[in-house]
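These notes concern the structure reproduced below.
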Amino acid sequence: MRESHDTQTKTAVMSSDGKDFPLGPLYLGARQPGESVPGDPLFEYLLTLTMKDGSTYRATRWIPSDDLRLAIGKHQLEEAFGSLPGPGAPR
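For the sequence shown, counting from 1, position 46 maps to 46 in the numbering used here; every step adds exactly one.
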């Protein structure tokens, strides 16, 4: 069975350090823009954190989201990594 991706599409913009980066398209399938479907997130994201010294840490899990606007702070980092990365943390 082949899924059709020519239904509704939506693009998103990621903003970081005053710069915008276009993302997408995201395929909405049968849902309407802004509609939340329990158990079926709009997208999932996986974070990689780069420290000032250049070391990188990859998250331990994908995080589901239904909102195209996503603020990333301490809570989201702890959710993605299990705990905040730092010296001695696995990469």
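Glycine included, C-beta positions come from ideal geometry on N, C-alpha and C.
Please read all numbers here as calculations on a predicted model, not as lab measurements.
Own chain, CB closer than 8 angstroms to residue i, minus 5 neighbours either side, in chain order
| i | result |
| --- | --- |
| aspartate 67 | Leu42 |
| histidine 75 | none |
Limits of the beta strand (DSSP E) - the one that residue i falls within
| i | result |
| --- | --- |
| glutamate 44 | 43-45 |
| arginine 31 | From DSSP, arginine 31 is part of no beta strand (DSSP E); its letter is neither H nor E. |
Cut-off 7 angstroms between Cβ atoms - residues of its own chain near residue i, not counting five sequence neighbours on either side
| i | result |
| --- | --- |
| glycine 73 | none |
| glycine 82 | Thr60 |
| proline 64 | Pro41 and Glu44 |
Sub-8 angstroms separation of residue i and residue j beta-carbons
| i | j | result |
| --- | --- | --- |
| glutamate 79 | tryptophan 62 | no |
| leucine 23 | leucine 49 | no |
| tyrosine 57 | proline 85 | yes |
Residues near residue i in its chain [Cβ-Cβ closer than 6 angstroms; skip 5 each side]
| i | result |
| --- | --- |
| valine 37 | Arg31 |
| leucine 47 | Ala59 and Ala80 |
Beta strand (DSSP E) runs wholly inside the region 60-90, at least 3 long, in chain order: 63-65
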